[in-house]
Amino acid sequence: MILNDEGTTFVASSALLPIDLSWEQINHDEEESAVRAQIQTLIRDVPYPWRSVELISPSVEMIVMDVLQRGLNDASYPNGYRTTYIKCLLALSKARNIVPSSFFSRDVTREGTNPVGGGGYADIWKGHLHDTQVCLKALRVNLPEKTRAKLLRDFCLEALVWRQLRHPNILPFLGVSKDLFAPSYCLISPWMVNGNIMFYLEAHPDHDRLTSLIQVAEGMKYLHNHDPPIVHADIRGANILVTDDRCCCLADFDLSLFVESQALDNSSRISNGSIRWLAPEYMDSTLFDQSYLTARDIYAYGCTVIEIFTGKPPFSDIKNEAGVVHEVVTKRSHPP
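Spelled out as structure tokens, the structure:
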């Protein structure tokens, strides 16, 4: 067996398992402890195990997802293994459009017959989880099948990233429902009565803006110091929510990604973002460098500082986004 620094066993001996073990050999008839040992051996001994994780039989895909997530929940696992676990989890989710069963909540209900908001391809509903009012972000069902499949995959990836986060300045992830808006999923989070920071500042113009920005910076620091680091990729006023005790937290992780896992995603997802807050290297591909992925959040944060202190978005004097791209890429301008 192999022990971590504290002497805790985290992986089975390779002498107990076949050296040529592969994902497709995992059998749903085996005990979960045996499946866990097989997965640990694969992750330890097989080069780039996430590249072949889609070979798993559909009959064991949820068992494997659950074991991988439990591995991430286990603080005794060495950091080097966490990155591999995350890559395997993301790769399997992307291949099968699934999330671990521990994400699902059956006790959530929705309020009313109409959403209270929305944007893009999702609607926002109010709901309840036990006695707590919650926000339900539901993927729309009346979309072309190909579009729905891609968006469902992105929903699953958002849930996987968000679930790994625990910080006072990060909006809590409460779970997923697959029944409430069937056949679509919905993501569950606390309902924030105060709304986003821009709405809150309109109603409370004397609120301490500097304190809010420090809180946002703490949330961003947590993401970037995560193992592996996470890029939020859409930091702006609309994605900063204000809690009941006037604390700011980062929300909306639909573009977020693990730095170590960007190769699992496509370039369009990496280059997406709100144009006015988007760093120049993501508008001009000749400037793009993957080693600076977290830097895009720093640029967006700087733009958000301007937004919070002025009450206006970056480049507010330019009417359309095409004009912003021209200003940044051609003229090499920065927000005033």
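Residues in the sequence shown are numbered from 1 upward in steps of one, following the UniProt record's numbering.
For every residue, glycine included, the Cβ atom is placed at its ideal position computed from N, Cα and C.
Bear in mind that the values here come from a model prediction, so they are computed numbers and not experimental data.
Close Cβ partners of H207 (< 8 Å) along its chain, the five nearest in sequence each way excluded = Counting from 1 along the sequence shown, the entry for residue 207 is found at position 207. Within the same chain, H207 has close Cβ partners Y200, L201, R246.
Is DSSP giving S285 helix, strand or coil here?
-> Position 285 of the sequence shown, counting from 1, holds the residue named residue 285. Three-state DSSP puts S285 in a helix.
Give, in chain order, every unbroken run of the beta strand (DSSP E) that is at least 3 residues long and sits entirely within the stretch 44 to 132.
-> 108 to 110, 117 to 119, 122 to 129
Where does E307 land, buried or exposed, given buried means 16+ other C-beta within 10 angstroms?
-> In the sequence shown, residue 307 corresponds to position 307, counting from 1. Classification of E307: buried, given that the 10 Å Cβ count is 16 or more.
By a C-beta neighbour count over all protein chains shown, 10 Å radius and 16 as the cutoff for buried, is I197 buried or exposed?
-> The residue you call residue 197 lines up with position 197 of the sequence shown. That one is buried.
Compute the Euclidean distance between the alpha carbons of C303 and I56, then round it to the nearest angstrom.
-> Indexing the sequence shown from 1 puts residue 303 at position 303. Indexing the sequence shown from 1 puts residue 56 at position 56. Distance between the alpha carbons of C303 and I56: 44 Å.
Candidates K312, R276, G311, of which the one nearest V328 by Cα = For this step, residue 328 is matched to residue 328 along the sequence shown. Closest option to V328, Cα to Cα, is R276.
May I ask you to list the residues that DSSP assigns as paired with P190?
-> The residue labelled residue 190 in the question sits at position 190 within the sequence shown. V134.
Enumerate in chain order the residues of its own chain whose CB-to-CB distance from E111 is below 8 Å, with the five nearest sequence positions on each side excluded.
-> Looking up residue 111 in the sequence shown gives position 111. Contacts found: W125, K126, G127, H128.
Anyone know if the C-beta pair for Q164 and H226 falls short of 9 Å?
-> Counted from its first residue, the sequence shown places residue 164 at position 164. Counted from its first residue, the sequence shown places residue 226 at position 226. Contact: yes.
Start and end residues, alpha helix (DSSP H) containing I308 | Position 308 of the sequence shown, counted from the first residue, corresponds to residue 308. First-last of the alpha helix (DSSP H) with I308: 295 to 310.
Quickly, what does DSSP pair L152 with across the bridge? List them, please.
-> Stepping through the sequence shown from its first residue, residue 152 is reached at position 152. Partner(s): none; L152 has no beta bridge.
Determine the burial state of R82: buried for a count of at least 16 other Cβ atoms within 10 Å of its Cβ, exposed for fewer.
-> Translated into the one-based positions of the sequence shown, residue 82 becomes position 82. Its Cβ being crowded by 16 or more others within 10 Å, R82 is buried.
Within the same chain, show all residues whose beta-carbon is closer than 6 Å to that of N194, passing over the 5 residues directly before and after it, in chain order.
-> Reading the sequence shown from its first residue, position 194 is the one you call residue 194. Within the same chain, N194 has close Cβ partners Y200, V242.
When A251, G311, T147, S189 are compared against residue 367, the one with the closest alpha-carbon | An answer regarding residue 367 cannot be provided, because it is not within the stretch 1 to 336 covered by the chain.
How big is the Cα-Cα spacing for Q38 and D123?
-> Here residue 38 refers to the residue found at position 38 when the sequence shown is read from its first residue. Here residue 123 refers to the residue found at position 123 when the sequence shown is read from its first residue. If you take the alpha carbons of Q38 and D123, they lie about 40 Å apart.
Would you kindly check if the distance between the Cβ of S59 and the Cβ of W23 is under 9 Å?
-> On the sequence shown, residue 23 is found 23 positions in, with the first residue counted as 1. On the sequence shown, residue 59 is found 59 positions in, with the first residue counted as 1. Result no, Cβ atoms of W23 and S59 do not sit closer than 9 Å.
Taking Cβ to Cβ, would you say V216 is nearer than 9 Å to Y301?
-> Position 216 of the sequence shown, counted from the first residue, corresponds to residue 216. Position 301 of the sequence shown, counted from the first residue, corresponds to residue 301. In this structure, V216 lies near Y301, with their beta-carbon atoms less than 9 Å apart.
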